[in-house]
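Have a look at the structure below, then the notes.
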Amino acid sequence: MKRKLSLLLMTALLATTLAACTSSSGGDASTTPAETSNAASEEKTQEADEAPADTGTTQEAEVAETEADELEGEITFWHSFTQGPRMENIQAAAEAFMTDHPKVKINIETYSWGDFYTKWTTGLASGNVPDMSTARAGEVVEMINADAILPLDDLIDSIGRARFYESPIQEMTYSDGNCYAVPIYSHAFVMWYRKDLLEKYNLEVPKTWDEFNEAATAITQGENGEVYGCSVPMGTNDLYATCFLDTYVGSNRESLITQDRKPNLTSPTALEGIQYWVDMYKNNSPADSINFNTLDQATLYYQGKNAFDFNSGFHISGVEANTPELLDYIDCAPVPTINGDGNPDYIVNNMPMVVWKNSAHPEICKAFIEYFYEPDNYIPFLHSVPVGMMPALKEITNDPAFLNNDTIKKYQNAMETISDALSHGTYIAMEYGPCVEAGILANQRVIENMFQDIVLNGTPVEEAAQAAEEQLLELFSAAE
Amino acid sequence: MRGNKKMIASMTSWFFVLPAILVVVLLMLYPVTSSIFYSFTNKNLIKADFRMIGLDNYKAILSDKSFWTAFVTNLKWTAISLAGQLFVGFTAALALNRIKRGSGIYRTLLIIPWAFPSIVLAFSWKWILNGVSGFLPNILVKLGICETAPQFLSSAELAFPTLVFLNIWFGAPLMMVNILSALQTVPQDQYESAQLDGASGIQSFCHITFPHIRMVVGLLVVLRTIWVFNSFDIIYLITGGGPGNKTMTVPIYAYDTGWGMRMLGKSSAVTVLLLLFLLLVCSLYFRLLNRWEKESTS
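So the protein lines, in turn, are chains G and Y. Residue numbers are given in my numbering: position 350 of the first sequence equals residue 333, and the series is strictly consecutive. To convert a position in the second sequence, counted from 1, into my numbering, add 2.
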């Protein structure tokens, strides 16, 4: 009996194994559904091409041609628009596109920015990357360096190169002359403040870093822990300390990188900036901000517990969601400078959209992106975070449909300040053009670790900056 | 005929073992061998090409001060967490073993920390301990216990002990449940005889309880040593190894090297060193367990 049972089980196991082998050998194991549908599409195209010759009728030939031109396939789109309205707008645009192209399927997957970076860097080796995605400006060069994304000049020309602002296109154009991304929107880091608190303590909007320090200190002391003058985020799971340091250095029109692409943390301005933010942390910031990431820092401002912050127009929607009663008391201004004169260099983030080399259907990705820029899709998307997302297309900026938004009307000063900042800045360390070193400097958290080392271990600023610079240099060399 | 039967029996056993072998080969052997291979290369996470560089990665790691700091932190993390989990788990198991009524409810309540996914625990604790709006720091101030809100996760002095406390709270229930099961296998008549002979509670524990449960406790310690030494999620989700590397352990160091700095070759070398160390520790543990087993059989 036992032997029979064993034989029966053996046969079952063998049959299952063979069945599994048969099903996997039925097609290449690595073939994705998108590839399968691409093959089907090619087959159909071939059939369509052959059709006119078989029938010889013009009408049928036209039908066949339309069928051949029709988009068909499945794509995966990763984006990092985790907030509800933006996510819904993207989803709505994808659904409308799929209605227009019934043979297309767009799978949308949403990841936070941090997760997105981990996901694409780890997925690259296994080919587990999407067909198209959003990215952070600093990551595009890394993607180009890894030979992971496609040039999009044909798409840009098709949309109309002249319709885009020049600087985002330049920022996404690599040394080989190809442009590898299209800007979906732009924003700039400006100084956000609380009008009511400035009024309460009889303070002017600071124009110099000294004035900024005085104002932050006055508010911290006056509010006795209820509101902090300026929280300084140093968490190693984000790039916020790098943003703060870059804002200080940029205010003196300098860069965290040299023209020959070496880290520049030991210049007099950089050392001054590091010391400035360390002092600001000690005097006017919650101790916990040593671990703060973007969301922690922004939440503090949204909840009215931070008087000053450096961020984009996204702060308006954040405050609206958390403490709407503060909406009348927030505004932004240009970032302070050392002497209060001249135009600072801002951190400008031109949010790119890229198409991955692994994609079996780049034509669908490009068609969807082009469709997305149509005003009916693009303006509602920009309105999902008004003032937060500034148009990448010139004509939209002055489009009455875009300007006809309550938030945009209310925060006219913020719109002007951010628009001005957009024309005076680049992404972190991209002052000398897009380079992989800029991505490393922004994404490797070396600067955040340096700040923590100074604050917690008491390492002298010069020593910590020197060590961070050496570490960055090593990372730059490894990336070559 | 007999030879055929033997062959069929042997094949049958192989067929039954095959799935397990496949799982081991695919899920363990491949990652381990590829890690060993990459540890001798300059493999970068996002670059396809790489070359052999011999022992350079090992030399770089062993001469890196941060690695040794992480290693020492890892040893402290493991030793204190394990001792704490064992103490709390043992105490709770002894107490539960004596409770006759409602022990099921207590057992369920005490197992709660273990039953939740670590991501939920990590974010809950992060919220509770937040230095600005966290419940615990603010209540301590309101009750007058602290003058200012204690910075559990951002103070250089408090971050590590806080994480160790959370790990003890999280791991003790597993110890408790297993030790309690072992305690319930101890024959009660031995305690009665010991009582008649006038043995004290401590003597009963040392001569009856402990010899009966030490194998279970030993195996638990072996397992927990490996898990705690390798634990990543709780630390990464709560402090990410910070502030100022105060909670940086070797697995976090390996992750930062491989996934942060994308030096996959170097990161592989760290994991190989970690594997060797754990193999050494486990062999010592198993030698002790074997001795105990021999003692109890003799």
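Beta carbons are placed, not taken as given, at the ideal position from N, Cα and C, and that holds for glycine. Nothing here was measured: the structure is a model prediction, and the numbers come from that model.
Check                                                                                                                  : Outcome
Proximal residues of chain G, C-beta to C-beta of Arg264 (chain Y) below 7 Å                                           : Thr104
Every unbroken alpha helix (DSSP H) inside the stretch 180 to 230 of chain Y [4 residues or more]                      : 190 to 198 and 203 to 206
Cβ neighbour criterion (16 or more within 10 Å) applied to Glu420 (chain G)                                            : buried
DSSP state of Val27 (chain Y) mapped onto helix, strand, coil                                                          : helix
Asn161 (chain G) versus Ile139 (chain G): straight-line alpha-carbon distance, rounded                                 : 11 Å
Anticipated Cβ contact below 8 Å, Ala270 (chain G) with Ser157 (chain Y), distance rounded                             : 7 Å
Among Y:Val122, Y:Leu111 and Y:Ala50, nearest to Ser109 (chain G) - alpha-carbon criterion                             : Y:Ala50
Within chain Y, the residues that Pro269 (chain G) reaches when beta carbons sit closer than 7 Å                       : Gly133 and Val134
Ser8 (chain G) at chain Y interface by Cβ criterion, 9 Å                                                               : Caution is warranted here: a pLDDT of 34 is assigned to Ser8 (chain G), below 50, making its placement in the model unreliable, and the coordinate value is therefore given only provisionally. Taking Cβ atoms only, chain Y never reaches closer than 9 Å to Ser8 (chain G), which makes this a no.
Boundaries (first-last residue) of the beta strand (DSSP E) holding Glu357 (chain G)                                   : Where Glu357 (chain G) is concerned, there is no enclosing beta strand (DSSP E), given that its DSSP letter is neither H nor E.
DSSP state of Leu145 (chain Y) mapped onto helix, strand, coil                                                         : coil
Helix, strand or coil at Asn332 (chain G) according to DSSP, with G and I counted as helix                             : strand
Under the three-state DSSP convention, the category Ile423 (chain G) falls into                                        : helix
Cutoff 9 Å: Thr241 (chain Y) Cβ touching any chain G Cβ                                                                : yes
Lys265 (chain G): CB within 8 Å of a non-hydrogen atom of the ligand ATP                                               : In the structure shown, the ligand ATP is absent, as is every other ligand, since no ligand is present at all.
Beta-bridge partners of His170 (chain G), as assigned by DSSP                                                          : G:Asn332
Residue nearest to Thr277 (chain G) in terms of C-alpha spacing, selected from G:Leu222, G:Glu453 and G:Phe80          : G:Leu222
Residue of G:Asn360, G:Glu445, G:Lys393 and G:Glu399 minimising C-alpha distance to Ile167 (chain G)                   : G:Asn360
Extent of the continuous beta strand (DSSP E) run through Ala316 (chain G)                                             : Ile313 to Ala316
Chain Y residues whose Cβ lies nearer than 8 Å to that of Leu283 (chain G)                                             : Val134
Proximity test, Cβ basis, 9 Å: Ile506 (chain G) and chain Y                                                            : Summary: the structure shown does not reach residue 506 (chain G), with chain G confined to residues -16 through 463, and so no result is reported for it.
Spatial distance of Glu92 (chain G) from Asp114 (chain G) (CA atoms)                                                   : 11 Å
Extent of the continuous beta strand (DSSP E) run through Met115 (chain G)                                             : Met115 to Thr117
Residue range of the unbroken alpha helix (DSSP H) whose run includes Cys226 (chain G)                                 : Tyr223 to Ser234
Alpha-carbon spacing of Thr191 (chain G) relative to Asn326 (chain G), whole angstroms                                 : 12 Å
Residues in the stretch 428 to 459 of chain G having any Cβ partner in chain Y nearer than 8 Å                         : Arg428, Asn432, Gln435, Asp436, Val438, Leu439, Asn440 and Leu458
Within chain Y, the residues that Glu71 (chain G) reaches when beta carbons sit closer than 8 Å                        : Under the 8 Å cutoff, chain Y gives no residues; its nearest Cβ is about 25 Å from Glu71 (chain G).
Glu399 (chain G), buried or exposed, once every other Cβ within 10 Å from all chains shown has been counted against 16 : exposed
Per-residue DSSP class, three states only, for Met81 (chain G)                                                         : helix
Length of the line joining the Cα atoms of Thr299 (chain Y) and Thr259 (chain Y)                                       : 48 Å
As assigned by DSSP and simplified to three states, the class of Tyr211 (chain G)                                      : strand
First and last residue of the uninterrupted alpha helix (DSSP H) at Ala108 (chain G)                                   : Trp96 to Ser109
Simplified DSSP state of Lys49 (chain Y), which is helix, strand or coil                                               : coil
CB contact check: Trp127 (chain Y) to chain G, cutoff 9 Å                                                              : no
Inter-residue Cα distance where the pair is Asn169 (chain Y) and Asp235 (chain Y)                                      : 11 Å
For Phe60 (chain G) and Gly86 (chain Y), the rounded distance between their alpha carbons                              : 47 Å
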